Ligand SMILES: [Zn+2]
Ligand SMILES: [Zn+2]
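Numbering (my numbering), first residue to last: 698 to 1023.
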């Protein structure tokens, strides 16, 4: 198969797909070095959480956030451990509410009280809770009228920049809308005017009919995007046009959980580090919410990528989708 340039749908971004140099899944098995584990003193384990760092905890009951057990503990003493997920203040934030030159809020989502549990091993009920937690934090953080943009993301594995083994996600909210996101919004708006339809609704409908489809149920669909920047990149969409995670239903979150679990299970077999992202533009209320999973394996960007901005990817999205569907 010959190499070809592919355009990222309606965006002005191109990827050079080079299947001639394709690697089979086992060839991209990550030579991951274990993240240095600080078992003896992990800041995210329930016994080391400090009351002044804890924002909120969430229990087992889906959709029933629990307040931090205020009053039960004082000072640096141990807190109630009966939570499934917990929100902490970021200890080393790049943006803070008291800095007008770099305004924002940063939080950590601890996804399990168990230090050794893998995120992809959480059951569907807890993965559904995970999406409930992200929705709840988005609502809470967006109450601050200065916040323009909220990024909720996860780094898993050494190559994805996860420096702490205990599974967690991060929330980065700021008063600046990143230029790439603004550009995507503008082009999506342009598409809407021209086609009288949401570009992502159209993309999803088309991709679920083709060979890049990864997973589908009544409410959610996933596919390998036509011009992926990363090996085995996958996008997950709700079929219903919803602006952000807080506007999805519990049933949709359950489907998102099932789909995410399927995809991460496949990445686990390759022991690949990954990132995933949920972008929310607070000041704009008509995006089509989606989750972008970008595995971080051996597709290390070299001279072409750094010099020209053109990305080369040797695993075609059609081959990636086939792997996910096996
Ligand atoms: Zn821990
Ligand atoms: Zn849409």
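Where a beta carbon is used, it is the ideal one built from N, C-alpha and C, also for glycine.
Remember, predicted model here, so these are calculated numbers, not experimental data.
Practice item. Give me the Cβ distance between residue 978 and residue 882, rounded to the nearest whole Å; I'm assuming they're in contact under 8 Å. Key: 6 Å
Exercise for review: Using only the heavy atoms of ligand 2, determine whether one of them is closer than 7 Å to the beta carbon of residue 755.
Suggested key: no
Point to revise | Supposed contact pair residue 985 and residue 848 - C-beta distance, whole angstroms, cut 8 Å | key: Wrong, their Cβ atoms sit about 17 Å apart, outside the cutoff.
Practice item. Mind checking which residues open and close the alpha helix (DSSP H) that includes residue 701? Key: That residue, residue 701, is in no alpha helix (DSSP H); its beta strand (DSSP E) goes 701-704.
Point to revise | Host beta strand (DSSP E) of residue 993 (start-end) | key: 987-993
**Study point:** Cβ pair residue 806, residue 836 closer than 8 Å
**Key:** no
Point to revise | Straight-line Cα distance separating residue 799 from residue 855 | key: 28 Å
Review point. The beta strand (DSSP E) with residue 979 in it runs from where to where?
Key: Looking at the DSSP string, residue 979 is not in any beta strand (DSSP E), and its letter there is neither H nor E.
Review point. Is the beta carbon of residue 887 within less than 7 Å of some heavy atom of ligand 2?
Key: no
**Study point:** Element boundaries [beta strand (DSSP E), containing residue 910]
**Key:** 910-913
Review point. Heavy atom of ligand 1 less than 7 Å from the Cβ of residue 739, yes or no?
Key: yes
**Study point:** From 948, 1022 and 1019, residue whose alpha carbon lies closest to that of residue 826
**Key:** 948
**Study point:** Separation of residue 747 from residue 770, as counted between CA atoms
**Key:** Low confidence applies to residue 770: its pLDDT is 38, below 50, so where it sits in the model is not reliable, and the reading given next is rough at best. Those two C-alpha atoms are separated by around 10 Å.
Review point. From residue 751 to residue 787, what distance separates their C-alpha atoms?
Key: 10 Å
Review point. Are the Cβ atoms of residue 912 and residue 922 separated by less than 8 Å?
Key: no
Practice item. Take residue 756 as the anchor and find which of 705, 946 and 829 has the nearest alpha-carbon. Key: 829
**Study point:** Cβ pair residue 963, residue 824 closer than 8 Å
**Key:** no
Review point. Whose C-alpha, out of 1020, 1022 and 1011, is nearest the C-alpha of residue 698?
Key: 1011
**Study point:** Spatial neighbours of residue 844 in its chain, beta-carbon cut-off 8 Å, leaving aside the 5 residues before and after
**Key:** 801, 802, 838, 870, 871, 872 and 979
Review point. Excluding the five sequence neighbours on either side, which residues of its own chain have a C-beta within less than 8 Å of the C-beta of residue 739, listed in chain order?
Key: 745, 812, 861, 862 and 863
Check your understanding: For residue 836, which of helix, strand or coil comes out of DSSP?
Key -> helix
Exercise for review: Starting from the C-beta of residue 991, find all residues in its chain whose C-beta is less than 6 Å away, skip the five residues before and the five after it, and write them out in chain order.
Suggested key: 927, 930 and 972
Review point. Once you ignore the five residues that flank residue 797 on each side, which residues in its own chain have a CB closer than 7 Å to its CB?
Key: none
Exercise for review: Take residue 965 as the anchor and find which of 815, 939, 791 and 879 has the nearest alpha-carbon.
Suggested key: 815
Practice item. Check whether the Cβ of residue 812 lies closer than 7 Å to any heavy atom of ligand 1, and answer yes or no. Key: yes
Exercise for review: Check whether the Cβ atoms of residue 924 and residue 704 lie closer than 8 Å to each other.
Suggested key: yes
Practice item. Drop a sphere of 10 angstroms on the beta-carbon of residue 773, count the other beta-carbons inside from all chains shown, and report buried for 16 or more, exposed for fewer. Key: Note that residue 773 scores a pLDDT of 37, beneath 50, so its modelled location is shaky; the value from the coordinates is reported in the next line. Residue 773 comes out exposed.
**Study point:** Length at least 3, wholly inside the region 844-879: the beta strand (DSSP E) runs in chain order
**Key:** 846-853 and 865-871
Review point. In three-state DSSP terms, what is residue 816?
Key: helix
Exercise for review: Would you check if the distance between the CB atom of residue 865 and the CB atom of residue 741 is smaller than 8 Å?
Suggested key: yes
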